[in-house]
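S.K.:
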Amino acid sequence: MRLLKVGNRMAALRVRLEEKFTLPERFKGTVVEKWANYWKGLLRDYSEVAVGVIKESYAKPKKTLAYGTCLIALYQTAKNNPDHLAFMTLLRKQTNRMITLPPAQQNPESAEYLIMLERAINQKKLRLLSLGFFTLMWVDMYDEDDCTYPAICEYTTVGLLNFHERIIDVGFWNQFWRLKWKMRNYDINYL
Numbered sequence: 112m113r114l115l116k117v118g119n120r121m122a123a124l125r126v127r128l129e130e131k132f133t134l135p136e137r138f139k140g141t142v143v144e145k146w147a148n149y150w151k152g153l154l155r156d157y158s159e160v161a162v163g164v165i166k167e168s169y170a171k172p173k174k175t176l177a178y179g180t181c182l183i184a185l186y187q188t189a190k191n192n193p194d195h196l197a198f199m200t201l202l203r204k205q206t207n208r209m210i211t212l213p214p215a216q217q218n219p220e221s222a223e224y225l226i227m228l229e230r231a232i233n234q235k236k237l238r239l240l241s242l243g244f245f246t247l248m249w250v251d252m253y254d255e256d257d258c259t260y261p262a263i264c265e266y267t268t269v270g271l272l273n274f275h276e277r278i279i280d281v282g283f284w285n286q287f288w289r290l291k292w293k294m295r296n297y298d299i300n301y302l
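Just so we're aligned, residue 112 is where the sequence shown starts under the working numbering, counting upward by one.
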């Protein structure tokens with residue numbers, strides 16, 4: 112296993128670099144020397160961590176595979192987290208699908224949900240809260256441009272204890288799942 116000797120190679124490289132790059136005598140005992148020592152220590156600490164991670168990954172390959180898989184999955188979910196533009200695109204797509212049907216053939220549940228979303232957008236009460244890996248879409252009590260006392264008072268806004276009552280959709284992996292669920296049977300004659 113040649114890669115297990117990474118620690119020895121890193122230590123040898125560090126010693127050679129310290130021998131090549133030394134501070135001139137005029138910088139000894141100044142802020143410049145303290146700054147250089149700080150960065151040397153930081154580089155040494157991070158290189159030791161990297162070497163330790165590599166050695167442990169060879170010692171416990173299943174654990175490394177599990178951690179790597181989890182990190183890649185979290186990265187992909189964060190990368191595919193939907194934003195406001197993705198929601199508006201999906202909403203327009205679903206609205207266009209709905210308006211191709213005559214009102215008598217539209218599913219009332221789907222039509223009501225789309226109307227509720229459109230009203231919240233028109234009243235500027237629809238909010239999106241991105242939490243990194245998923246997005247919560249909720250309806251606020253007041254317009255975002257409202258400057259009246261009830262809208263700006265901290266005691267009349269949506270609190271943490273009743274925030275869950277205002278959530279109307281959850282976005283994950285470039286989809287808003289309740290919108291997708293409500294629109295699955297948008298035609299009452301759907302087979």
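Each residue gets a CB set at the ideal place from its N, CA and C atoms; glycine is no exception.
Could you spell out the range, first to last residue, of the beta strand (DSSP E) harbouring Gly55?
M.R.: As shown, the chain starts at 112 and ends at 302. That puts residue 55 outside it, with no answer to give.
S.K.: Quick one, which of Leu182, Arg238, Tyr169 and Thr180 has its alpha-carbon nearest Phe198's?
M.R.: Closest by alpha carbon: Arg238.
S.K.: Per DSSP, Phe245 is paired with what?
M.R.: Answer by DSSP bridge pairing: none, since Phe245 is not bridged.
S.K.: Assign Ile299 to one of three DSSP states: helix, strand, or coil.
M.R.: Ile299 falls in the coil class under three-state DSSP.
S.K.: So Asp156 is in the alpha helix (DSSP H); what residue range does that whole segment cover?
M.R.: Element bounds for Asp156: Val142 to Ala170.
S.K.: Leaving out the 5 sequence neighbours to the left and right, which residues in its chain are closer than 6 Å to Lys235 when beta-carbon positions are compared?
M.R.: Cβ within range, chain order: Asp254 and Glu255.
S.K.: Span of the alpha helix (DSSP H) holding Phe198?
M.R.: Per DSSP, Phe198 belongs to the alpha helix (DSSP H) from His195 to Ile210.
S.K.: Rounded to the nearest angstrom, what separates Ile232 and Cys181 at their Cα positions?
M.R.: Their backbone Cα atoms lie some 36 Å apart in a straight line.
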